[in-house]
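Student:
Chains as they are written, first to last, in our numbering: chain D, 55 to 437; chain Y, 2 to 126.
#1: Over the uninterrupted beta strand (DSSP E) stretch that includes residue 319 of chain D, give me the two end residues.
#2: So residue 198 of chain D contacts chain Y; which residues on that side make the cut at Cβ distance below 7 Å?
#3: Residue 27 of chain Y bridges to which residues according to DSSP?
#4: So which of D/189, D/353, D/239 has the shortest CA-CA distance to residue 213 of chain D?
#5: Counting only runs of 4+ residues fully inside the region 208–273 of chain D, write out the alpha helix (DSSP H) ranges in chain order.
#6: Quick check on residue 81 of chain Y - is its C-beta less than 8 Å from some C-beta in chain D?
#7: Please decide whether residue 195 of chain D counts as near chain Y, where near means a Cβ-Cβ distance under 8 Å.
#8: Could you pull out every unbroken beta strand (DSSP E) segment of at least 3 residues lying fully inside the region 62–132 of chain D, listed in chain order?
#9: Kindly list, in the order they appear in chain D, the residues whose Cβ is closer than 7 Å to that of residue 75 of chain Y.
#10: Helix, strand or coil for residue 104 of chain Y, going by three-state DSSP, please let me know.
#11: Identify each residue in the region 295–313 of chain D for which the Cβ-Cβ distance to at least one residue of chain Y is less than 7 Å, and report them in chain order.
#12: At a CB distance below 9 Å, what residues from the region 241–274 of chain D approach chain Y? Give them in sequence order.
#13: By the criterion of Cβ-Cβ separation under 8 Å, what are the contact partners of residue 104 of chain Y in chain D?
#14: Would you kindly work out how many angstroms separate the C-alpha atoms of residue 38 of chain Y and residue 26 of chain Y, rounded to a whole number?
#15: So, helix, strand or coil for residue 75 of chain Y, using DSSP?
#16: Nearest by alpha-carbon distance to residue 298 of chain D: which of D/144, D/198, D/415 is it?
#17: Taking the DSSP output, what are the residues bridged to residue 342 of chain D?
#18: Compute the Euclidean distance between the alpha carbons of residue 296 of chain D and residue 234 of chain D, then round it to the nearest angstrom.
#19: Using DSSP bridges, identify the partner residues of residue 417 of chain D.
#20: So the candidates are Y/50, Y/45, Y/70, Y/34; which of them puts its Cα closest to the Cα of residue 56 of chain Y?
#21: When the distance is taken between beta carbons, is residue 215 of chain D closer than 8 Å to residue 252 of chain D?
#22: Which value, in whole angstroms, describes the spacing of the CA atoms of residue 119 of chain D and residue 355 of chain D?
#23: Which residues share a DSSP beta bridge with residue 285 of chain D?
#24: Using only the alpha-carbon positions, how far apart do residue 264 of chain D and residue 97 of chain Y sit?
#25: Would you identify the three-state DSSP class for residue 88 of chain Y, choosing helix, strand or coil?
#26: Just to confirm my understanding: we take residue 343 of chain D, look at its own chain, exclude 5 residues before and 5 after, and list those with CB closer than 7 Å. What are they?
#27: In chain Y, what lies closer than 8 Å to residue 190 of chain D by C-beta?
#28: Should residue 181 of chain D be flagged as near chain Y, meaning a C-beta pair shorter than 8 Å?
#29: Contact criterion: CB-CB distance below 8 Å. Does residue 62 of chain Y meet it with respect to chain D?
#30: Starting from residue 185 of chain D, find everything on chain Y with Cβ-Cβ shorter than 7 Å and list it in chain order.
#31: Considering just the uninterrupted stretch of the alpha helix (DSSP H) at residue 14 of chain Y, what are its terminal residues?
#32: From the DSSP output, in three-state form, read off residue 126 of chain Y for me.
#33: Please report whether the beta-carbon of residue 120 of chain Y lies at a distance below 8 Å from any beta-carbon of chain D.
#34: Where does residue 293 of chain D sit, in a helix, a strand or coil, going by DSSP?
#35: Would you kindly work out how many angstroms separate the C-alpha atoms of residue 145 of chain D and residue 386 of chain D, rounded to a whole number?
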């Protein structure tokens with residue numbers, strides 16, 4: 055089964071990136087959704103497929119649908135952590151291609167910064183009884199354990215991790231929407247407050263507010279929309295574990311499975327991807343995903359990112375919005391990997407625009423390296 | 002009479018710990034060991050899991066230090082230990098400073114009382 059090129063993104067929206075005091079996560083979600091629909095030249099009444107998961111509503115499609123005044127024919131609320139909105143692409147593509155729906159709205163919003171402590175916390179609402187007696191600090195401690203193993207097996211260095219955060223900041227400096235845009239050096243990352251070895255606070259994603267939305271439709275309908283369509287060429291998801299103690303090899307995630315499957319559907323190879331948006335909850339993430347998705351061999355992610363490898367002007371443009379590390383990270387970042395990929399392929403990105411970008415990858419991560427979802431996008435000529 | 006329910010594996014594990022025994026399951030079909038406790042083998046999906054006591058010998062597989070202020074108890078170790086039987090335990094190595102716990106370190110399991118419950122922790126061996 056392939057849905058290569060069958061559906062396209064025709065609108066994206068962002069709202070409340072950074073801080074949005076006084077607004078609820080549903081307010082922000084609605085603002086982003088309105089912007090995405092306006093871009094497409096569509097309206098709320100056109101939406102018959104609603105895709106939503108968040109950290110503030112257990113039954114997110116119900117809350118979002120009610121607020122927006124949408125009565126969907128089909129809704130989907132897969133909650134597998136921060137990758138969920140990327141996973142929703144798969145279900146949206148299938149439902150659109152099957153003719154169950156005509157217009158899919160995927161949306162996410164959070165006021166994690168403004169209402170700190172009032173979120174549905176995955177780590178307190180669901181006790182993981184064999185890990186929690188040892189006082190893990192979720193999710194950072196799980197990623198830190200993985201990093202310890204990556205450093206041990208492959209010699210990945212503290213400096214290489216820092217260079218991921220520095221690259222993100224350099225991209226953020228080119229993005230007026232990014233939350234943290236000031237200069238950041240390798241030494242400043244390493245010398246920042248240690249949170250969970252080897253991570254300092256600068257190795258960790260931001261805690262922000264923010265919302266994002268994407269509108270998809272079938273490719274035949276997409277050509278009638280306002281903006282040039284960006285086509286979904288392939289997508290794949292997988293999960294192998296919930297708790298980090300159950301992942302057999304802490305240096306390999308199931309992105310090693312989703313990457314090949316998504317590339318196969320897209321008919322592309324890693325070398326043919328122009329822009330990468332890789333969920334960077336922590337500085338280890340892009341290193342791990344560059345390896346697992348096949349952009350470099352296992353263990354070579356550290357050297358790959360070192361000395362500006364993924365920074366502006368480097369060997370490969372990664373996390374061009376500034377990522378979760380410097381642009382926005384409102385609890386779940388997945389939707390923003392999708393939005394930035396689409397904006398890059400439409401040429402909307404101003405100072406951070408990657409020249410002649412024709413293909414892009416959105417890679418979502420959820421839980422503790424638990425769920426992985428890869429989506430590959432292309433412009434018209436890639437069909 | 003409805004079908005009888007099996008004994009809860011979490012409760013069985015806790016009961017062994019309370020007796021001073023660290024026990025894990027072994028699959029009668031594929032012979033692999035299983036942790037955390039379950040009703041079905043996650044490797045071959047067989048249902049003939051039986052309990053056995055571990056040797057307690059293990060090796061640190063991954064480790065970190067969770068930093069917190071001294072007035073909150075100070076930094077502490079969090080690690081994953083590969084047990085001789087082939088299962089991996091989350092845990093903590095006690096004794097060395099938390100940052101001195103290293104991958105590859107040989108450790109031995111011990112049951113301690115913590116917050117009123119028995120808990121498996123590790124000592125260098």
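We put the beta carbon where it would ideally sit given N, CA and C, even for glycine.
Tutor: A quick look at the data gives this:
#1: In the first chain, residue 319 of chain D corresponds to position 265, counting from 1. Not the beta strand (DSSP E): residue 319 of chain D falls in the alpha helix (DSSP H), residues 309–320.
#2: Locating residue 198 of chain D in the first chain gives position 144, counting from the first residue. Correct list: 65.
#3: Position 26 of the second chain, counted from the start, is the residue given in the question as residue 27 of chain Y. In the DSSP output, where bridge partners are listed per residue, residue 27 of chain Y has Y/34, Y/51.
#4: The sequence position of residue 213 of chain D within the first chain is 159, counting from 1. Nearest of D/189, D/353, D/239 to residue 213 of chain D, Cα basis: D/239.
#5: Entirely contained in the region 208–273 of chain D, the alpha helix (DSSP H) runs reaching 4 residues are, in chain order, 212–226, 240–245.
#6: Numbered from 1 along the second chain, position 80 holds the residue referred to as residue 81 of chain Y. Judged by the 8 Å Cβ criterion, residue 81 of chain Y is in contact with chain D.
#7: Within the first chain, residue 195 of chain D is the residue found at index 141, counting from 1. Among the residues facing chain Y, residue 195 of chain D is included, as its CB has a counterpart in that chain under 8 Å away.
#8: Correct list: 103–106, 128–130.
#9: Taking the first residue of the second chain as 1, we reach residue 75 of chain Y at position 74. Within chain D, no residue has its CB atom less than 7 Å from the CB of residue 75 of chain Y, the nearest being about 12 Å off.
#10: Within the second chain, numbered from 1, the residue matching residue 104 of chain Y stands at position 103. Secondary structure of residue 104 of chain Y (DSSP, three-state): coil.
#11: Correct list: 299, 304.
#12: For the region 241–274 of chain D, the set of positions with a beta-carbon nearer than 9 Å to some beta-carbon of chain Y reads 247, 248, 249, 250, 251, 252, 253 in chain order.
#13: Within the second chain, the letter at position 103 stands for residue 104 of chain Y. Ordered by position in chain D, the residues that pass the 8 Å Cβ test against residue 104 of chain Y are 202, 203, 206.
#14: Translated into the one-based positions of the second chain, residue 38 of chain Y becomes position 37. Translated into the one-based positions of the second chain, residue 26 of chain Y becomes position 25. Rounded to whole angstroms, residue 38 of chain Y and residue 26 of chain Y show a C-alpha spacing of 7 Å.
#15: Within the second chain, numbered from 1, the residue matching residue 75 of chain Y stands at position 74. The DSSP-derived three-state label of residue 75 of chain Y is coil.
#16: Counting from 1 along the first chain, the entry for residue 298 of chain D is found at position 244. By alpha-carbon distance to residue 298 of chain D, the top candidate from D/144, D/198, D/415 is D/198.
#17: What you label residue 342 of chain D is simply residue 288 of the first chain in a count that begins at 1. Per DSSP, residue 342 of chain D has no beta bridge partner at all.
#18: In the first chain, residue 296 of chain D corresponds to position 242, counting from 1. In the first chain, residue 234 of chain D corresponds to position 180, counting from 1. C-alpha separation (whole angstroms): 31 Å.
#19: In the first chain, counting from the first residue as 1, residue 417 of chain D sits at position 363. Residue pairing by DSSP places residue 417 of chain D opposite D/332, D/428 in a beta bridge.
#20: Here residue 56 of chain Y refers to the residue found at position 55 when the second chain is read from its first residue. The shortest Cα separation from residue 56 of chain Y among Y/50, Y/45, Y/70, Y/34 belongs to Y/34.
#21: Your numbering for residue 252 of chain D matches position 198 in the first chain. Your numbering for residue 215 of chain D matches position 161 in the first chain. Yes, Cβ-Cβ distance for residue 252 of chain D and residue 215 of chain D is below 8 Å.
#22: Translated into the one-based positions of the first chain, residue 119 of chain D becomes position 65. Translated into the one-based positions of the first chain, residue 355 of chain D becomes position 301. The C-alpha of residue 355 of chain D is placed about 41 Å away from the C-alpha of residue 119 of chain D.
#23: Locating residue 285 of chain D in the first chain gives position 231, counting from the first residue. In DSSP, residue 285 of chain D forms a bridge with D/62, D/432.
#24: To locate residue 264 of chain D, count along the first chain from 1; it is residue 210. To locate residue 97 of chain Y, count along the second chain from 1; it is residue 96. Rounded to whole angstroms, the gap between the alpha carbons of residue 264 of chain D and residue 97 of chain Y is 43 Å.
#25: Position 87 of the second chain, counting from 1, holds the residue named residue 88 of chain Y. If DSSP states are grouped into helix, strand and coil, residue 88 of chain Y belongs with coil.
#26: Numbered from 1 along the first chain, position 289 holds the residue referred to as residue 343 of chain D. Once the five neighbours on either side are set aside, the close Cβ partners of residue 343 of chain D are 309, 332, 417.
#27: Position 136 of the first chain, counted from the start, is the residue given in the question as residue 190 of chain D. Within 8 Å of the CB of residue 190 of chain D, the CB atoms of chain Y belong to 67, 79, 91, in sequence order along the chain.
#28: To locate residue 181 of chain D, count along the first chain from 1; it is residue 127. No, because no Cβ of chain Y sits closer than 8 Å to the Cβ of residue 181 of chain D.
#29: Counted from its first residue, the second chain places residue 62 of chain Y at position 61. It does; some Cβ of chain D falls within 8 Å.
#30: Against the first chain, residue 185 of chain D aligns to sequence position 131. Those are 91, listed as they occur along chain Y.
#31: As a working note, residue 14 of chain Y is residue 13 in the second chain. Note, residue 14 of chain Y: alpha helix (DSSP H), 10–19.
#32: On the second chain, position 125 is the one that residue 126 of chain Y refers to. In the structure shown, the three-state DSSP call for residue 126 of chain Y is coil.
#33: For this step, residue 120 of chain Y is matched to residue 119 along the second chain. Yes, residue 120 of chain Y counts as interfacial toward chain D.
#34: Numbered from 1 along the first chain, position 239 holds the residue referred to as residue 293 of chain D. DSSP places residue 293 of chain D in strand when its eight states are reduced to three.
#35: Sequence index remark: in the first chain, residue 145 of chain D carries index 91 (1-based). Sequence index remark: in the first chain, residue 386 of chain D carries index 332 (1-based). Their backbone Cα atoms lie some 19 Å apart in a straight line.
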